[in-house]
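Q: Got a structure for you, written out below as structure tokens; questions coming shortly.
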Amino acid sequence: MTDVPGYWQNFIDGSFCDGGSGRLAVLDPATGEPFAEQALADAKDVDRAVAAAKALSDSGTWSGLRPVERGRIVRKMGDYILERIDEIAPILTREAGKPLWEARLEIEGAARYFEYYGNQAETVEGRSIPLGQSYFDFTTHEPFGVSAQIIPWNYPMEMTARSLSAALAVGCSVVVKTPELDPLTNRFFADAALACDLPKGALNLLCGLGKDAGAALAAHPDVNQIVFTGSVATGISIASAAARNVVPCILELGGKSAAIVHDDADLDAFLSDVRWGIYFNAGQVCSAMSRVIVQERVHDRLVDGIAAMAEGLEVGNGLSFPNFGPNMGAMISEDQCQRASAMITQAEREGARLATGGRRMNRPGYFLEPTVLAEVTPEMTIAQNEVFGPALSVLKFKDEDEAIRIANSTPYGLVAGVFTTDLDRAMHASKQLRAGQIFVNEWYAGGVETPFGGFGKSGYGREKGREALLNYVQTKNVAIKLR
Ligand code: NAD
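Count the sequence shown with this note's numbering and you get residues 17 to 499, in order.
Here it is, written out as structure tokens:
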């Protein structure tokens, strides 16, 4: 078992500190046992963090740096995280339940955001707009100021890195509200800030309950911009708080994403897409492949193949999986595990057939079997609502139009996929599918460089790619009358 420090503090204005609401026990999802404590912030801590971020923002010392210098600091923070990967990964596994190799991938992913946005810092350029010979007109992009970032538990490090690195690159200062289920490893960003000479107040990290510290941060009058990833219900309350202060927000609210599989697709290759698509991170991924919509001629063959693949996954304590392989860890919490298994039971009641899995495992911790539900129909609860667990729903179609109709039949629209060797078919689907990102013949194709975000109830705004930088700046136009 890894040795984890017993108590973890918040980080405000360049110093580690306790929280006004005491301490929170952090549980190991693989055992259900507490193994560390986290300082719990209250609204006063949020006030102090926002004040520190605002003071730095008002001073102009961070936003006024030459972008290449800001970019270098941001990049160094990513390097720092990578240098400590051996130390961080087991702690991430202990707090989040994911296999050790997945924890390492997450940390590498987090570092990659700092590399990418560090490199982008000096590319945020304005433009000159011709107004005839009597004027000179140009635009600049100015950082919003204080960016509040409310982080979910499924990828605690990567989600923080995604927003934090872009916000810092353009000169914002940031207050991060870490997830209360797995807040610990975010602390390494504070270490990175200190080690890389990020100015005090540019990064403030605090853990607190959503209804207390989270709500206080979202409603804070000195916050200039908000980024949120999590559930639709919380997204609505955050957007409402942002509206009351007339500040913009980015919402990334999950999905019910579908892969359409045509009868000409490479079905063997597709099994690997399913393995990543729904069993990576035990299915707790906003862009998970939670539905497969398959052409009826290949339906039975595919369901059998997926069920066999799912049955071949070893489920256990993430610490026992150091290397990439057919394995899966625990879900994050008792609540999430119960919620997912209740949804599976409900699906069976509504007529779905359990092709494999579906049961809570008879051992301590929050383990759910890798699950495949066949004969799901579009109106079933499981076809409409996000499970956020290792449960795949398989639906059938006859023709292309029906496939697209089913894929578009949920309120969400985060990602979608089409698997076929027919390019016209793939292009047609990519136009018809209502989702922010379309994968053709590979689920999760793309990377930090490609913009990501939702249509419909999956939210609005874009993270990743150059588009994300524009979340953190506002455009100013300067029009000069010449003599
Ligand atoms: P949540 O939306 O309640 O919590 C996400 C974050 O928001 C946490 O940091 C939480 O403290 C904070 N929060 C909660 N209430 C808040 C409030 N009123 N004001 C400000 N911040 C608040 O999500 P959850 O309870 O952790 O998970 C529930 C469901 O959310 C999951 O089943 C899943 O469907 C969805 N989810 C989606 C993603 C995603 O990546 N899109 C991530 C996590 C959870």
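C-beta: ideal position from N, C-alpha, C; glycine also.
Model, not experiment: these values are computed from the prediction.
For residue 119 versus residue 97, is the C-beta distance shorter than 9 Å?
A: Taking the sequence shown and counting its residues from 1, one reaches residue 119 at position 103. Taking the sequence shown and counting its residues from 1, one reaches residue 97 at position 81. Not a contact, by the Cβ cut-off of 9 Å.
Q: Does residue 329 come out as helix, strand or coil in the three-state DSSP assignment?
A: Sequence index remark: in the sequence shown, residue 329 carries index 313 (1-based). Of the three classes helix, strand and coil, the one that applies to residue 329 here is coil, per DSSP.
Q: Is residue 429 near the ligand NAD, in the sense that its beta carbon is under 8 Å from a heavy atom of that ligand?
A: For the purposes of this step, residue 429 is identified with residue 413 of the sequence shown, where counting begins at 1. Checking every heavy atom of the ligand NAD against the Cβ of residue 429, none is found closer than 8 Å.
Q: Check whether the Cβ of residue 409 sits closer than 8 Å to any heavy atom of the ligand NAP, and report yes or no.
A: Here the bound small molecules are the ligand NAD; the ligand NAP is not part of this structure.
Q: Out of curiosity, what's the CA-to-CA distance linking residue 471 and residue 478?
A: As a working mapping, residue 471 is identified with position 455 in the sequence shown. As a working mapping, residue 478 is identified with position 462 in the sequence shown. Each residue's Cα considered, the two are about 10 Å apart.
Q: For a test of your reading of the model: does the CB of residue 203 fall under 8 Å from any non-hydrogen atom of the ligand NAD? Yes or no.
A: Looking up residue 203 in the sequence shown gives position 187. Checking every heavy atom of the ligand NAD against the Cβ of residue 203, none is found closer than 8 Å.
Q: With a floor of 4 residues, list each alpha helix (DSSP H) that falls wholly inside the region 58-92, ordered by position along the chain.
A: Qualifying alpha helix (DSSP H) stretches, in chain order: 59-75.
Q: Grab me the residues of residue 353's own chain with a C-beta within less than 7 Å of its C-beta, minus the 5 sequence neighbours each way, in chain order.
A: Position 337 of the sequence shown, counted from the start, is the residue given in the question as residue 353. Within the same chain, residue 353 has close Cβ partners 347, 376, 382 and 384.
Q: Given that a residue counts as buried once 16 or more other Cβ atoms are within 10 Å of its Cβ, and exposed if not, what is residue 351?
A: Residue 351 sits at position 335 when you count from the first residue of the sequence shown. It counts as exposed.
Q: Taking 8 Å as the cut-off, is the beta-carbon of residue 225 closer than that to any non-hydrogen atom of the ligand NAD?
A: Looking up residue 225 in the sequence shown gives position 209. Checking the Cβ of residue 225 against the ligand NAD gives yes.
Q: Does the beta-carbon distance from residue 151 to residue 184 come in below 9 Å?
A: Residue mapping note: residue 151 aligns to position 135 of the sequence shown, counting from 1. Residue mapping note: residue 184 aligns to position 168 of the sequence shown, counting from 1. Not in contact: residue 151 and residue 184 (Cβ atoms no closer than 9 Å).
Q: Sort 272, 209, 493 and 99 by Cα distance to residue 123 and report the nearest one.
A: Counting from 1 along the sequence shown, the entry for residue 123 is found at position 107. Nearest option by C-alpha distance: 99.
Q: At a cut-off of 8 Å, would you count residue 402 as near the ligand NAD, judging by its Cβ distance to the nearest heavy atom?
A: Your numbering for residue 402 matches position 386 in the sequence shown. Yes, since a heavy atom of the ligand NAD falls inside the 8 Å radius drawn around the Cβ of residue 402.
Q: What does a CB cutoff of less than 8 Å around residue 212 pick up in its chain, not counting 5 residues either side in sequence?
A: If you number the sequence shown from 1, residue 212 lands on position 196. Here the set comprises 89, 92, 93 and 96.
Q: Take every Cβ of the region 293-301, pair it with every Cβ of the region 400-414, and state whether three or more of those distances are shorter than 8 Å.
A: As far as the Cβ criterion goes, the region 293-301 touches the region 400-414, which means the pair count is three or higher.
Q: If you count every other CB in all the chains shown that lies within 10 Å of the CB of residue 370, and 16 or more means buried, which is it?
A: Locating residue 370 in the sequence shown gives position 354, where the first residue counts as 1. With 16 or more Cβ atoms within 10 Å of its Cβ, residue 370 is classed as buried.
Q: Closer than 8 Å: is that where the CB of residue 459 sits relative to any heavy atom of the ligand NAD?
A: Stepping through the sequence shown from its first residue, residue 459 is reached at position 443. Not so, every heavy atom of the ligand NAD lies at least 8 Å from the Cβ.
Q: Is it true that the CB of residue 278 sits closer than 9 Å to the CB of residue 419?
A: The count along the sequence shown starts at 1 and reaches residue 419 at position 403. The count along the sequence shown starts at 1 and reaches residue 278 at position 262. In contact: residue 419 and residue 278 (Cβ atoms closer than 9 Å).
Q: Which whole-angstrom value is the C-beta distance of residue 116 and residue 329, which I expect to be below 8 Å?
A: Within the sequence shown, numbered from 1, the residue matching residue 116 stands at position 100. Within the sequence shown, numbered from 1, the residue matching residue 329 stands at position 313. With a Cβ gap of about 16 Å, residue 116 and residue 329 do not count as contacting.
Q: Provide the residue span of the alpha helix (DSSP H) that contains residue 441, from first to last.
A: Along the sequence shown, one-based indexing puts residue 441 at 425. From DSSP, the alpha helix (DSSP H) with residue 441 extends over 439-448.
Q: Between the Cα of residue 70 and those of 322, 245, 163 and 283, spot the shortest distance and give me the residue it belongs to.
A: Residue 70 sits at position 54 when you count from the first residue of the sequence shown. Closest by alpha carbon: 163.
Q: Counting Cβ pairs, one atom from each stretch, are 3 or more of them under 8 Å apart for the region 249-262 and the region 453-465?
A: With the cut-off at 8 Å, the region 249-262 and the region 453-465 do not touch.
Q: Do residue 202 and residue 172 come within 9 Å of each other at the CB atom, strictly closer than that value?
A: The count along the sequence shown starts at 1 and reaches residue 172 at position 156. The count along the sequence shown starts at 1 and reaches residue 202 at position 186. A contact, by the Cβ cut-off of 9 Å.
Q: For a test of the three-state rule: what should DSSP assign to residue 43, helix, strand or coil?
A: In the sequence shown, residue 43 corresponds to position 27, counting from 1. Strand at residue 43.
Q: Which of the three DSSP states is assigned to residue 3 in this structure?
A: Outside the shown range of the chain, which is 17 to 499, sits residue 3, and nothing can be said about it.
Q: Do residue 424 and residue 449 come within 9 Å of each other at the CB atom, strictly closer than that value?
A: Numbered from 1 along the sequence shown, position 433 holds the residue referred to as residue 449. Numbered from 1 along the sequence shown, position 408 holds the residue referred to as residue 424. Yes; because the gap between Cβ atoms is below 9 Å, this pair is in contact.
Q: Buried or exposed: where does residue 31 fall if 16 or more other Cβ atoms within 10 Å of its Cβ makes it buried?
A: Against the sequence shown, residue 31 aligns to sequence position 15. Residue 31 comes out exposed.
Q: Counting only the same chain and skipping the five closest in sequence on each side, list residues whose C-beta sits under 7 Å from that of residue 49.
A: Against the sequence shown, residue 49 aligns to sequence position 33. Excluding sequence neighbours, residue 49 sits near 43.
Q: Residues in the same chain with beta-carbon distance under 7 Å from residue 204, minus the five sequence neighbours each way, listed in chain order, please.
A: Taking the first residue of the sequence shown as position 1, residue 204 is located at position 188. So the qualifying residues of the chain are 97, 100 and 104.
Q: Taking 8 Å as the cut-off, is the C-beta of residue 467 nearer than that to any heavy atom in the ligand NAD?
A: For the purposes of this step, residue 467 is identified with residue 451 of the sequence shown, where counting begins at 1. It does not: the Cβ of residue 467 is nowhere closer than 8 Å to a heavy atom of the ligand NAD.
Q: What do you reckon, are the CB atoms on residue 299 and residue 430 nearer than 9 Å?
A: Here residue 299 corresponds to residue number 283 of the sequence shown, with the count starting at 1. Here residue 430 corresponds to residue number 414 of the sequence shown, with the count starting at 1. Taking 9 Å as the Cβ cut-off, residue 299 and residue 430 do not qualify as a contacting pair.
Q: According to the Cβ coordinates, are residue 55 and residue 222 closer than 9 Å?
A: As a working note, residue 55 is residue 39 in the sequence shown. As a working note, residue 222 is residue 206 in the sequence shown. Yes, they are a contact pair.
Q: For residue 136, is the classification buried or exposed, using 16 other Cβ atoms within 10 angstroms of its Cβ as the cut-off for buried?
A: Along the sequence shown, read from residue 1 onward, the residue named residue 136 stands at position 120. Residue 136 is buried by the Cβ-count criterion.
Q: Who are the near neighbours of residue 114 in its chain, counting only those whose CB is closer than 6 Å to its CB and skipping five residues on each side?
A: What you label residue 114 is simply residue 98 of the sequence shown in a count that begins at 1. 297, 334 and 345, listed in sequence order.
Q: Between residue 239 and residue 261, is the Cβ-Cβ spacing less than 9 Å?
A: The residue given as residue 239 occupies position 223 in the sequence shown. The residue given as residue 261 occupies position 245 in the sequence shown. The answer is yes: Cβ separation under 9 Å.
Q: Using the three-state DSSP reduction, which class does residue 234 fall into: helix, strand or coil?
A: Taking the sequence shown and counting its residues from 1, one reaches residue 234 at position 218. In this structure, residue 234 counts as helix in the three-state DSSP scheme.
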